[in-house]
Amino acid sequence: MKTPICFTCGCSLVRLGIKGESAVTRKYREKKYSFCCDGCAVMFEKNPEALLKETTDIVVCPSCLAEKPVSQTVEINYRGERFNFCKCPHCMTVFQKDPEYYVKRLSGEIEFSGVFSEGRGCCS
0 MKTPICFTCG
10 CSLVRLGIKG
20 ESAVTRKYRE
30 KKYSFCCDGC
40 AVMFEKNPEA
50 LLKETTDIVV
60 CPSCLAEKPV
70 SQTVEINYRG
80 ERFNFCKCPH
90 CMTVFQKDPE
100 YYVKRLSGEI
110 EFSGVFSEGR
120 GCCS
């Protein structure tokens, strides 16, 4: 599953508590890109191709919201959809306890103010 990331620094916007509509955005080649801040948007405008190349294979672990290249993750299918987890076995265990919560959080469907904001920290 794709989740919004900053196309300059690669941070998960969900992890930072930035909802889609409140993210800084820019258009490049008729496509809209999201950023965690104005500074990242300005950097992107200076060299978009290089930054897109750097962030193209970044995925976000549904449990801890860590950003990783696909090659450094473990892939699991849930309800016919692919999810990439960091290699921490705890993350997969946590996901299995409440998968719908983590799927909805990753897609931005539920309110989430940031990774350490609600007692469900990355490894708790």
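In this text, residue positions in the sequence shown follow numbering that gives the first Met the number 0: the first is 0, and each later residue adds one.
Idealized CB from N, CA, C, for every residue including glycine.
Every value quoted in this text rests on a predicted model; they were computed, and no experiment measured them.
Which first and last residues belong to the beta strand (DSSP E) in which residue i is found?
{"i": "Glu29", "result": "Glu29 -> no beta strand (DSSP E), and no H or E assigned at all."}
How should residue i be labelled, buried or exposed, when 16 other C-beta atoms within 10 angstroms of its C-beta is the threshold for buried?
{"i": "Thr72", "result": "buried"}
{"i": "Thr55", "result": "exposed"}
{"i": "Ile17", "result": "buried"}
Would you mind stating whether residue i and residue j have Cβ atoms separated by less than 9 Å?
{"i": "Ile4", "j": "Val59", "result": "yes"}
{"i": "Cys35", "j": "Leu64", "result": "no"}
{"i": "Glu99", "j": "Phe84", "result": "no"}
{"i": "Pro61", "j": "Cys90", "result": "yes"}
Please report the distance separating the alpha-carbon of residue i from that of residue j.
{"i": "Cys39", "j": "Arg25", "result": "10 Å"}
{"i": "Phe82", "j": "Leu15", "result": "20 Å"}
{"i": "Cys69", "j": "Ile57", "result": "One point to set straight first is that residue 69 is Val, not Cys, in the sequence displayed. Their Cα atoms are separated by approximately 6 Å."}
{"i": "Glu124", "j": "Glu66", "result": "The chain is shown from 0 up to 123; residue 124 falls before or after that span and cannot be answered."}
{"i": "Gly19", "j": "Lys30", "result": "15 Å"}
{"i": "Gly113", "j": "Arg78", "result": "26 Å"}
{"i": "Tyr32", "j": "Val102", "result": "22 Å"}
{"i": "Ser21", "j": "Glu44", "result": "19 Å"}
Kindly give me the distance between the Cβ atoms of residue i and residue j, rounded to whole angstroms, as I take these residues to be in contact under 8 Å.
{"i": "Thr7", "j": "Leu50", "result": "5 Å"}
{"i": "Arg124", "j": "Phe94", "result": "Because the chain in this structure spans residues 0 to 123, residue 124 falls outside the shown range and cannot be described."}
Between residue i and the ligand FMN, is there a pair consisting of the residue's CB and a ligand heavy atom that are separated by less than 8 Å?
{"i": "Phe111", "result": "You won't find the ligand FMN in this model; it holds no ligand whatsoever."}
The alpha helix (DSSP H) spanning residue i covers which residue range?
{"i": "Lys18", "result": "Per DSSP, Lys18 belongs to no alpha helix (DSSP H) and is neither H nor E."}
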